[in-house]
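Note sheet for the following structure.
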Amino acid sequence: MVESNNRAEIQVRFVAVNPTEPSALSLPQKRGPFDDKSRQEAAGRTRGLKACIRCRMQKLRCEIIETNPEGICGTCQNVSSQKVHHLGCLRHRLTECTLYRTGKAPGLEFTFRWPQMKLKDISDWASTEVRAILVQSDVCQVPLKLSVRKFIPIPGKDRTERSWVDPNGKDPTGRKGGVKKYYKTTPYAIVNMANAVHDMKEYISDNVFKCMGYFLRGSDVLVKETYEFARKHMQRVESDEERRLLGNFFRLWFAIRRTATTEHIVGKETLEMKPETEDRSFPLFEKIPLPPVMIQQLDMVLTLGILQPLRKQVLEDFQKLVLANNPRSWMTIYLITFMSLHSCAKVTDENYNNARKHGLIRRYAIPNFIEERHHSANVFLSHYHYRTESFNPFKQDWKRRHATPFAHMSVDEIQFLERTKALMKERESIIKTNNEFDIYEHELYFISQIFEENWQPRDTVIDRMDGTINDVGLQRFSGQ
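480 is the number that the UniProt record's numbering gives the last residue of the sequence shown; the numbers go up by one with no jumps.
Written out as structure tokens, the structure is:
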């Protein structure tokens, strides 16, 4: 094997607690090219199809079978008669996982002003006056401050009303079962998108744990205790890399929560709007809604300014941690897997409720996103089970802690694991119901699969049926 000495060719990767202040990791060691041309070609085919999880975990060469390149690899096939792993040959990478949505469902868009997501400021303003508003979400009790300004809507492109479907309403003919209703908003938008990204980053860093407590206030005690333990674990874990990873994960988690929330204006400045106080079917009854274009701007601020860079960093660092096969990192791997699966269930639930809000017949507002998010849950689970199968801390005899691969674990960690195991045992009937009726929206649906014996990836049923209740229209303007 020929070693490459050209250090300039090696790219430095970064990890950061604050995404705006990266700190360099040590340079990775590079393998030189294969001398054997056939091995070069085989390596190229493997890169194209991706090595399977088992081969990457065990640092084996993943041999692609020419007659069935997308099937089980030759390496796994050679050991299939041995009880090495109960999981199949899966070609998944954590770095390819979908964690959040990037857009609205067709017909529910707020503006067609920007064909693609970009941090571009509006230029056609209707006023020079800049106003400061406070935006309250249902995931955090601390409001976000924004500088906004009245703009000139583009006819046929900018929506200036909020819509919803009243399932108990009656149409003009008296037919009951779904009537579309509207709330007229004023045309205000964020003044400076770059400043909004800066403000959002600070807001997320300052309030991530306030959000965590507020958002989880109605959750199962198992979920609450696990998140709280994860927060404490971040503070006391010995590894700087794991501490940074957890810090970035929590920021990513909060930013994802902001994409799956309902927001309204609080405080004295209401942008000349009044709350809806008569129609209780309005989702924001007695509250001041955000103007639609502003909501789309906040989506772009979160997606382009925060979610994209954080997602890339977190998944790269998490994949590196999982593949390192260090028993001391198991707790961090478990906690991030748990919280990611919980996040999957929560965005699934939000997407389900959004479909109901707009009177859609299908189960989810954005079925393609939900399908990708559920696949990503399988990717997290498959990596966790490959890593945990041989030495599972939930199955250790802690009376002989010193003789286990987890002799380093503290008493608090052991008590946490035993408490978790007991809580899962108490919830067996709930988990059984979730699995029997495919209740993907329940916060324990994906989490419970962490504890399954002989777990196998499972597909979720996602329908893509078009249409609405009583055939109510999805939009009153055109994006042409």
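Note that CB positions come from ideal geometry on N, CA and C, so glycine has one too. Bear in mind that the values here come from a model prediction, so they are computed numbers and not experimental data.
Open item on the list: Does R387 come out as helix, strand or coil in the three-state DSSP assignment?
Closed with: helix
Open item on the list: Classify S382: buried if its beta carbon has 16 or more other beta carbons within 10 angstroms, exposed otherwise.
Closed with: buried
Open item on the list: Considering Cα atoms alone, identify which of D206, G359, R387 and Y352 is closest to E371.
Closed with: Y352
Task: Segments assigned alpha helix (DSSP H), at least 4 residues, entirely inside the segment 206-294 - done: 221-236 and 240-259
TODO: Keeping to the same chain, check which residues put their C-beta closer than 8 Å to that of I439; ignore five residues upstream and five downstream.
DONE: T433 and Y445
TODO: Give a yes or no on contact between the segment 378-398 and the segment 179-196, applying the rule of three or more CB pairs nearer than 8 Å.
DONE: no
TODO: Can you grab the Cα-Cα spacing for the pair residue 488 / G174, in whole Å?
DONE: No answer is possible for residue 488: it lies beyond the span of the chain, which begins at 1 and ends at 480.
- [ ] Using a threshold of 7 Å, state whether the C-beta atoms of D138 and T262 are closer than that.
- [x] A distance below 7 Å separates the beta carbons of D138 and T262.
Task: Best match in S123, R131, L335 and P153 for proximity to K232 [C-alpha to C-alpha] - done: L335
Task: 7 Å Cβ cutoff met for V208 and R251 - done: yes
Open item on the list: 7 Å is my cut-off, CB to CB: does R373 come that close to chain C?
Closed with: Reference to chain C is not applicable here, since this structure consists of a single protein chain.
Open item on the list: Given a cut-off of 7 Å on the beta-carbon distance, is the pair L119 and V135 in contact?
Closed with: The answer is no: Cβ separation not under 7 Å.
TODO: Assign K180 to buried or exposed, taking buried as 16 or more other Cβ atoms, counted over all protein chains shown, within 10 Å of its Cβ.
DONE: buried
Task: Under 7 Å between C-beta atoms of I447 and L341 - done: In this structure, L341 lies closer than 7 Å to I447 by Cβ.
Open item on the list: Need the endpoints of the beta strand (DSSP E) that S340 sits in, please.
Closed with: Where S340 is concerned, there is no enclosing beta strand (DSSP E), although the alpha helix (DSSP H) it sits in stretches over W330 to K357.
- [ ] Compute the Euclidean distance between the alpha carbons of W398 and N454, then round it to the nearest angstrom.
- [x] 23 Å
Open item on the list: Below 8 Å on the Cβ atoms is my contact criterion, and I expect A260 with V347 to pass it. Report the Cβ-Cβ distance as a whole number of Å.
Closed with: Indeed, because the Cβ distance is near 5 Å, the residues count as touching under 8 Å.
Open item on the list: Please classify D158 as buried or exposed, where buried requires at least 16 neighbouring CB atoms within 10 angstroms.
Closed with: Burial call: buried.
Open item on the list: Would P275 and R162 qualify as a contact pair, given that the criterion is a beta-carbon distance under 7 Å?
Closed with: No, they are not a contact pair.
- [ ] Measure the C-alpha to C-alpha separation of P393 and M200 and round it to an integer number of angstroms.
- [x] 38 Å
Open item on the list: In the DSSP assignment, the alpha helix (DSSP H) including A422 goes from what residue to what residue?
Closed with: V411 to E426
Open item on the list: Could you compute how far the alpha carbon of F369 sits from the alpha carbon of L94?
Closed with: 17 Å
Task: Spatial distance of Y100 from F249 (CA atoms) - done: 13 Å
Task: Of the listed residues R61, Q297, A377 and R113, nearest to T460 (C-alpha basis) - done: A377
Open item on the list: DSSP three-state label for V130, please.
Closed with: Note: V130 maps to strand in three-state DSSP.
Task: Unbroken beta strand (DSSP E) run spanning D166, endpoints - done: E161 to D166
TODO: Can you grab the Cα-Cα spacing for the pair T128 / I295, in whole Å?
DONE: Those two C-alpha atoms are separated by around 21 Å.
Task: Run of the beta strand (DSSP E) containing A189, from where it starts to where it stops - done: Y188 to I190
Open item on the list: Is the separation between the beta-carbon of V301 and that of T111 shorter than 7 Å?
Closed with: no
Task: Reduced DSSP category for D317 - H, G, I as helix; E, B as strand; rest coil - done: helix
Open item on the list: Let's see if you can read the secondary structure: which residues bound the beta strand (DSSP E) around L119?
Closed with: Per DSSP, L119 lies in no beta strand (DSSP E) and is assigned neither H nor E.
TODO: Just the C-alpha distance for L271 and T186, rounded to the nearest angstrom, thanks.
DONE: 7 Å
Task: A355 versus F406 - alpha carbon distance - done: 45 Å
Open item on the list: According to DSSP, V135 sits in a beta bridge with which residue or residues?
Closed with: L144 and I265
TODO: State the DSSP-derived secondary structure class of Y364, mapped to helix, strand or coil.
DONE: coil
Task: Minimum C-alpha distance to H385 - residue among I333, L310 and D466 - done: I333
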